[in-house]
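Novice: Numbering (this note's numbering), first residue to last: 506 to 962.
I have a structure here, written as structure tokens, and I will follow up with some questions on it.
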Ligand code: F0G
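Below is the structure:
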């Protein structure tokens, strides 16, 4: 077969892109307070803000929307979703919710108490926030390689098992469960190996703790295992998926990622007593247990997306897209996080602009420049998003200052990817001309969403 991997789909419906000029973008970003979250989507040419809820649905998914059953209780679409989720993940109880963070909210309100500490390879921001919201403390224990964007490790999303064991020994009584995020979004869309999942599961068994998997990007993680972990090259992806979840007591899932859905999520579990509690609570917060805050058609679209996501030709194209962009940027010595992750390209803003001190927000400078030059929307996941202040107001910066360009599923073509790479490559050659930024208005939490910026004085 030819070496060229092309998009394994044909385009049947198109959404025109408004081609803008630099002058227009200068005005729009100024009016947006230099925060790309405040832009109108039509002011963006290539929107890589997130891969969440932004997938192009297949014709089968659109057809499923038409045949969705809108019954309040006992919807046919729920039973279809339940069957495909059971088959895919292998857990018997399936509870729908409107998106991933609703799954987190529902589950953590039942399991997390004030004083609890929850270790993980890397909590996503809503995951950490939902643990904190219930009085708990989310603790990240990634492997040391994860802190170095240039270090190669095939499973940079792994949890540090030695640290996890020490943590369970010291803080065991306060730990309600261990959580693994697959893939690890905040750490670069990096996969977790089967060996690491099994290692964490063995520690959980030894210390009597449930293992919870945040499975938002489970299909990408499984395909990485097939590609990178010895012994799995000949395995069918669905079998790898089933094995990954063998040891999971609970799965939280956002259908907005690896189910090609625009909305939807799941909690899958084994414990009937816990399920009863969650279903009772669900009625207060999301809805009856056979729709969980979703329309019947959304359940149907998510079910169909789960049937499509494990297609190896899709997964091969999906992971290769990011890898291809990474390779081209590395050729131009652009500091991109390696190895390439599953859903996004991550740039190391601190290494991109070494002349900018951290308080001049290199990640924000990068996001603004990429928008001005290319009309491309990326997101800062660094000093602004994860930075905090101590009691005296001094900055506490995170270990990495990253900018993420997330690829929506089945939306953009290779030419779009090439354009993105060209814009970033050209910017890198002229990086010394770029100045720093500071807060104009600083939002109290998750600062990247609502803060505004001005040029640093
Ligand atoms: N867990 C992970 C690993 C995620 O990446 C996300 C969302 C969630 C949970 C929450 O799911 O959005 O359906 O409520 N990530 C999106 C992103 C928002 O852009 O990375 P949700």
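Just so you know, even glycine gets a beta-carbon here, dropped at the ideal spot from N, CA and C.
For residue 678 and residue 516, I'd like the C-alpha separation in whole angstroms.
Specialist: In a straight line, the C-alpha of residue 678 is about 54 Å away from that of residue 516.
Novice: Is the distance from the Cβ of residue 756 to the Cβ of residue 750 below 8 Å?
Specialist: In contact: residue 756 and residue 750 (Cβ atoms closer than 8 Å).
Novice: Between residue 807 and the rest of its own chain, which residues show a CB-CB distance below 7 Å, the 5 nearest in sequence each way excluded?
Specialist: The answer, listed in chain order, is 586, 760, 764, 766 and 769.
Novice: Quickly, what does DSSP pair residue 574 with across the bridge? List them, please.
Specialist: None; residue 574 has no bridge partner.
Novice: On the criterion of 16 or more Cβ atoms from any shown chain inside 10 Å, does residue 710 qualify as buried, or is it exposed?
Specialist: With fewer than 16 Cβ atoms within 10 Å of its Cβ, residue 710 is classed as exposed.
Novice: In terms of DSSP beta bridges, what is residue 943 paired with?
Specialist: The partner list for residue 943 (beta bridge, DSSP) reads 959.
Novice: Just mark residue 848 as buried or exposed, buried being the case when its beta carbon has 16 or more other beta carbons within 10 Å.
Specialist: Buried is the call here.
Novice: Taking 8 Å as the cut-off, decide whether the C-beta atoms of residue 930 and residue 961 are in contact.
Specialist: Not a contact, by the Cβ cut-off of 8 Å.
Novice: What does the alpha-carbon distance come out to for the pair residue 654 and residue 867?
Specialist: Spanning the two alpha carbons is a distance of roughly 16 Å.
Novice: Is DSSP giving residue 506 helix, strand or coil here?
Specialist: With a pLDDT of 49 at residue 506, under the threshold of 50, the modelled position of that residue is not reliable, and the figure given next carries that caveat. Residue 506 falls in the coil class under three-state DSSP.
Novice: Go through its chain and collect everything with a Cβ distance to residue 786's Cβ below 8 Å, but skip five positions before and after it.
Specialist: If we look at residue 786 and ignore the five residues flanking it on each side, its Cβ neighbours are 611, 614 and 615.
Novice: Alpha carbon to alpha carbon, what distance is there between residue 731 and residue 716?
Specialist: Residue 716 and residue 731: Cα-Cα distance of roughly 22 Å.
Novice: Within this structure, are the beta carbons of residue 662 and residue 617 separated by less than 8 Å?
Specialist: No, they are not a contact pair.
Novice: Could you pull out every residue in the same chain whose Cβ sits closer than 6 Å to the Cβ of residue 627, ignoring the five residues on either side in sequence?
Specialist: If we look at residue 627 and ignore the five residues flanking it on each side, its Cβ neighbours are 645, 647, 686, 689, 691 and 692.
Novice: Can you list, in chain order, the residues of its chain whose CB lies under 7 Å from that of residue 774, leaving out five sequence neighbours each side?
Specialist: Closer than 7 Å at Cβ, skipping near neighbours: 596, 598, 754, 755 and 780.
Novice: How about the region 796-813 and the region 553-570: do they share at least three Cβ pairs that are nearer than 8 Å?
Specialist: Because the criterion of three Cβ pairs below 8 Å is met, the region 796-813 and the region 553-570 touch.
Novice: How far does the alpha helix (DSSP H) with residue 831 in it reach, from first residue to last?
Specialist: Counting along the chain, the alpha helix (DSSP H) containing residue 831 begins and ends at 817-836.
Novice: Taking the straight line between their C-alpha atoms, what separation do you get for residue 671 and residue 606?
Specialist: Cα-Cα distance, rounded: 29 Å.
Novice: Taking the straight line between their C-alpha atoms, what separation do you get for residue 810 and residue 701?
Specialist: Between residue 810 and residue 701, the C-alpha separation is close to 27 Å.
Novice: In angstroms, rounded to a whole number, what distance separates the CA positions of residue 877 and residue 532?
Specialist: So the alpha carbons of these two residues sit roughly 10 Å apart.
Novice: With residue 660 and residue 721 assumed to form a contact (beta carbons below 8 Å), what rounded beta-carbon distance in angstroms separates them?
Specialist: No, residue 660 and residue 721 are not in contact; Cβ-Cβ is about 17 Å, not under 8 Å.
Novice: So the beta strand (DSSP E) residue 853 belongs to, where does it begin and stop?
Specialist: Element bounds for residue 853: 849-853.
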